[in-house]
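Here the structure is laid out as structure tokens; the discussion comes afterwards.
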Amino acid sequence: MKPIVVQGTLLKCSFGNMPTPIMVMPDKKVNATLPAAVKSDHVPFLNILPFGMCSNPANPMVAAATAAALGVLTPMPCIPCTAQDWGKVCSKVKIGGKEAINMGSCLKCLYGGNIQVVAPLQPTVLIS
Numbered sequence: 845m846k847p848i849v850v851q852g853t854l855l856k857c858s859f860g861n862m863p864t865p866i867m868v869m870p871d872k873k874v875n876a877t878l879p880a881a882v883k884s885d886h887v888p889f890l891n892i893l894p895f896g897m898c899s900n901p902a903n904p905m906v907a908a909a910t911a912a913a914l915g916v917l918t919p920m921p922c923i924p925c926t927a928q929d930w931g932k933v934c935s936k937v938k939i940g941g942k943e944a945i946n947m948g949s950c951l952k953c954l955y956g957g958n959i960q961v962v963a964p965l966q967p968t969v970l971i972s
């Protein structure tokens with residue numbers, strides 16, 4: 845099983861220029877020091893912080909800046925627009941009745957970005 849995502853795990857957007865940590869409310873602790881993220885943890889600026897500069901022309905701010913620069917792609921500050929729950933969640937682990945997200949989970953930005961987990965903070969234990 846893939847490690848679940850906890851507070852501070854780094855996320856990366858396919859159109860952002862830097863990773864950012866996921867923020868999880870402290871009420872989701874499960875026998876751990878860090879709260880674990882669930883499929884509904886996708887609220888912009890609460891759970892999902894900006895990914896630096898966005899370079900997707902589908903983002904209206906990027907499109908306007910690119911048009912003003914006579915067609916030269918001009919990245920603009922990221923404003924996450926994540927309206928749907930995380931996909932590919934861990935159905936075997938539930939926290940507060942909701943599925944946990946893990947290393948294989950993904951989140952879509954309405955501007956076209958694909959948000960994925962970069963590196964887990966949870967250790968993986970191999971039993972031989």
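Quick note, the numbering used here runs 844 ahead of the 1-based positions in the sequence shown.
We put the beta carbon where it would ideally sit given N, CA and C, even for glycine.
All figures in this text were calculated on a predicted structure; none of them were measured in a lab.
Apart from the five residues just before and just after residue i, which ones in its own chain have a Cβ nearer than 7 Å to its Cβ?
| i | result |
| --- | --- |
| Ala907 | Pro901 |
| Ala927 | Leu954 |
| Leu890 | Met867 |
Checking 8 Å against the spacing of the C-beta atoms, do residue i and residue j come in under that value?
| i | j | result |
| --- | --- | --- |
| Ile848 | Cys934 | yes |
| Ala832 | Leu893 | Residue 832 cannot be examined here, being either before or after the span of the chain that is shown, 845 to 972. |
| Pro879 | Pro888 | no |
| Leu917 | Ser899 | yes |
| Gly948 | Lys856 | no |
| Ala909 | Met920 | yes |
If distances are taken between C-alpha atoms only, which option among the options comes closest to residue i?
| i | options | result |
| --- | --- | --- |
| Pro863 | Lys942, Gln928, Phe895, Met869 | Phe895 |
| Lys938 | Ser884, Leu855, Gly860 | Ser884 |
| Cys950 | Gly931, Gly957, Gly956 | Gly931 |
| Asn958 | Gln851, Gly852, Lys846, Gly860 | Gly860 |
| Gln960 | Ala912, Ala911, Asp929 | Asp929 |
| Lys952 | Gln851, Ala912, Ser858 | Ser858 |
| Thr924 | Gly852, Ala911, Thr877, His886 | First, the residue type needs correcting, since residue 924 is Pro and not Thr in the sequence shown. Here the closest residue by C-alpha is His886. |
Using C-beta distances below 6 Å, list every residue in its chain close to residue i, excluding the 5 sequence neighbours before and after it, in chain order.
| i | result |
| --- | --- |
| Ala881 | Val849, Ile866, Val868, Ile945 |
| Asn903 | Tyr955 |
| Gln851 | Val868, Leu878, Pro879 |
| Met905 | Met920 |
CB-CB under 8 Å to residue i, same chain, minus the five flanking residues each way: which ones, in chain order?
| i | result |
| --- | --- |
| Glu943 | Val882, Lys883, Val933, Cys934, Ser935, Val937 |
| Leu970 | For Leu970, the pLDDT reaches just 47, beneath the cut-off of 50, and the residue's location in the model is therefore unreliable, although a value from the coordinates is still provided. Counting only Cβ-Cβ distances below 8 Å, and skipping sequence neighbours, we find nothing. |
| Ala912 | Thr918 |
In the DSSP assignment, what are the bridge partners of residue i?
| i | result |
| --- | --- |
| Asn946 | Ile848 |
| Ala880 | Val850 |
| Gln928 | Answer is none; Gln928 lacks a bridge partner. |
| Val961 | Leu855 |
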